[in-house]
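Peer 1: Numbering of the first sequence is given in full-length UniProt numbering, commencing with residue 1 and proceeding in unit increments.
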Amino acid sequence: MTTTVRIPDDWPATEDQARAVQDELRGRVVLGEPGPPPGTGHVTGVDVAYDDDRDLVAAAAVVLDAGTLEVVAEATAVGRISFPYVPGLLAFREIPAVLAALGALPRPPGLVVCDGYGLAHPRRFGLASHLGVLTGLPTIGVAKNPFTFTHEPPAAPRGSSAPLLAGAEEVGRALRTRDGVKPVYVSVGHRVSLDNACAHTLALTPAHRQPETTRRADALCRRALAEATGAGEYVA
DNA sequence: GCGACAG
DNA sequence: ATCTTGTCGC
């Protein structure tokens with residue numbers, strides 16, 4: 001099902017306001033829990049696509065059976081863009097749409113896998129952290145780029161990893177999900193340990209670099225955006 | 001001050 | 001993220 005994105009009245013309008021929100025919410029992140037075991041229950045991927053010219057955003061949430069990776073449920077949301085893209089403030093652009101899609105699901109999401117960062121963030125409060133605090137759900141971030149962080153190249157075999165570093169602080173892990181292919185960048189969101197986040201990521205990547213959750217959500221939100229644009233119902 | 005910078 | 005064709009390879 002597709003719902004409409006609603007932007008809260010108190011949503012930040014400036015970068016300073018957005019950073020202040022991050023500084024305030026950061027203390028509510030829970031890092032002491034291992035999180036759900038890989039391979040059981042449900043795992044949900046979320047992703048967002050944009051049409052800046054038409055001020056349109058589309059989000060998707062796809063629930064997979066963690067054992068079989070088959071799609072169990074999905075939902076989409078379409079609406080207006082809530083914030084410009086600013087490095088470090090991605091969550092303010094993605095979260096209203098993601099919350100709408102998650103809210104439209106017919107069943108609980110279980111672990112949520114985000115396309116971006118959690119702890120690996122300039123203020124240690126990326127998209128996955130933010131989404132976790134707002135929903136209370138266990139979340140992790142799996143990103144395609146190292147952002148400003150550094151790491152040694154992991155060994156070639158799938159499953160190899162290297163610490164993702166902010167100076168001397170380990171903020172995540174560069175994790176090889178396919179032999180000899182560029183790693184993905186895993187970081188903790190809310191209520192999941194880094195070891196468990198990496199185990200989940202490996203369980204979700206039987207054939208591709210990116211987790212099946214992210215791949216399914218990416219395809220679905222693109223389709224939702226194309227349909228919204230084509231039908232014209234949300235065009236300003 | 002100048003670049004770099006998740007999606 | 002998005003603009004964009006064909007092409008090489010499993």
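The beta-carbon is built from N, C-alpha and C at its ideal position, and this holds for glycine as well.
Give the secondary structure of R93 by DSSP, where H, G and I count as helix, E and B as strand, and everything else as coil.
Peer 2: Here the question's residue 93 lines up with position 93 in the first sequence. R93 falls in the helix class under three-state DSSP.
Peer 1: Do you know offhand how far A13's Cα is from A156's?
Peer 2: Within the first sequence, the letter at position 13 stands for residue 13. Within the first sequence, the letter at position 156 stands for residue 156. Taking the straight line joining both Cα atoms gives about 44 Å.
Peer 1: Quick one, which of G167, R222, V78, Y117 has its alpha-carbon nearest T4's?
Peer 2: On the first sequence, position 4 is the one that residue 4 refers to. Here the closest residue by C-alpha is V78.
Peer 1: Can you list the beta strand (DSSP E) stretches of 3 or more residues lying completely in the stretch 146-212, in chain order?
Peer 2: Entirely contained in the stretch 146-212, the beta strand (DSSP E) runs reaching 3 residues are, in chain order, 161-166, 169-175, 184-190.
Peer 1: Applying the 10 Å Cβ sphere with the 16-neighbour rule, what's the burial state of T205?
Peer 2: Locating residue 205 in the first sequence gives position 205, where the first residue counts as 1. It is buried - the Cβ of T205 has at least 16 other Cβ atoms within 10 Å.
Peer 1: Could you check the C-alpha separation between Y234 and D52 for me, to the nearest Å?
Peer 2: As a working note, residue 234 is residue 234 in the first sequence. As a working note, residue 52 is residue 52 in the first sequence. In this prediction, Y234 scores a pLDDT of 41, lower than 50, which makes its location untrustworthy; the coordinate-derived value is nonetheless stated afterwards. When rounded, the distance between both Cα atoms is 13 Å.
Peer 1: I'd like the list of long-range same chain contacts for G232, defined as Cβ closer than 7 Å, with 5 residues on each side in sequence excluded.
Peer 2: Translated into the one-based positions of the first sequence, residue 232 becomes position 232. Only weak support exists for where G232 lies, its pLDDT of 46 falling under 50; the value from the coordinates is given anyway. Result list for G232: empty, nothing under 7 Å.
Peer 1: Got a sec, what are the start and stop residues for the beta strand (DSSP E) T3 sits in?
Peer 2: By one-based count along the first sequence, residue 3 stands at place 3. Counting along the chain, the beta strand (DSSP E) containing T3 begins and ends at 2-4.
Peer 1: Please return the same chain residues whose Cβ sits closer than 8 Å to the Cβ of R6, not counting the five positions on each side in sequence.
Peer 2: On the first sequence, residue 6 is found 6 positions in, with the first residue counted as 1. Contacts found: G79, P96, A100.
Peer 1: Less than 8 Å between the CB atoms is what I'm expecting for A120 and G141, so what's the real figure, rounded?
Peer 2: Taking the first residue of the first sequence as 1, we reach residue 120 at position 120. Taking the first residue of the first sequence as 1, we reach residue 141 at position 141. Contact flag correct, Cβ pair sits at about 7 Å.
Peer 1: According to DSSP, what are the bridge partners of D51?
Peer 2: Counting from 1 along the first sequence, the entry for residue 51 is found at position 51. According to DSSP, which records beta bridges pairwise, D51 is partnered with L56.
Peer 1: Are there three or more Cβ pairs, one per stretch, closer than 8 Å when the stretch 135-150 is compared with the stretch 101-120?
Peer 2: Yes, the stretch 135-150 is in contact with the stretch 101-120.
Peer 1: Buried or exposed for N196, going by 16 or more other Cβ atoms inside 10 Å?
Peer 2: Within the first sequence, numbered from 1, the residue matching residue 196 stands at position 196. By the 10 Å Cβ count, N196 comes out buried.
Peer 1: Taking a contact to mean a Cβ-Cβ separation below 8 Å, would you say E94 touches L134 in this structure?
Peer 2: Translated into the one-based positions of the first sequence, residue 94 becomes position 94. Translated into the one-based positions of the first sequence, residue 134 becomes position 134. Contact: no.
Peer 1: I need the boundaries of the beta strand (DSSP E) containing T139, first residue and last residue.
Peer 2: Your numbering for residue 139 matches position 139 in the first sequence. That run of the beta strand (DSSP E) goes 139-143.
Peer 1: Can you have a look at A236 and say buried or exposed, based on whether 16 or more other CB atoms are within 10 angstroms of its CB?
Peer 2: Residue 236 sits at position 236 when you count from the first residue of the first sequence. Note that A236 scores 40 on pLDDT, short of 50, meaning its location in the model is unreliable and no value can be drawn from it.
Peer 1: If you reduce the DSSP assignment to three classes, tell me which class V86 lands in.
Peer 2: For the purposes of this step, residue 86 is taken as the residue at position 86 of the first sequence. Reduced to three states, the DSSP call for V86 is coil.
Peer 1: For the alpha helix (DSSP H) holding L127, just list the boundary residues, first then last.
Peer 2: For this step, residue 127 is matched to residue 127 along the first sequence. Looking at the DSSP string, the run of the alpha helix (DSSP H) that includes L127 is 127-135.
Peer 1: Quick one: using the 10 Å Cβ neighbour count with 16 as the cut-off for buried, is Q17 buried or exposed?
Peer 2: Indexing the first sequence from 1 puts residue 17 at position 17. Q17 comes out exposed.
Peer 1: Reducing DSSP to helix, strand and coil, say where T76 ends up.
Peer 2: Working through the first sequence from its first residue, we reach residue 76 at position 76. Strand.
Peer 1: Within 10 angstroms of its Cβ, does Y85 collect 16 or more other Cβ (buried), or is it exposed?
Peer 2: By 1-based counting over the first sequence, the position of residue 85 is 85. Per the 10 Å Cβ criterion, exposed.
Peer 1: What is the DSSP secondary structure of T68, reduced to helix, strand or coil?
Peer 2: On the first sequence, position 68 is the one that residue 68 refers to. In the structure shown, T68 sits in coil (DSSP, three-state: anything other than H, G, I, E or B).
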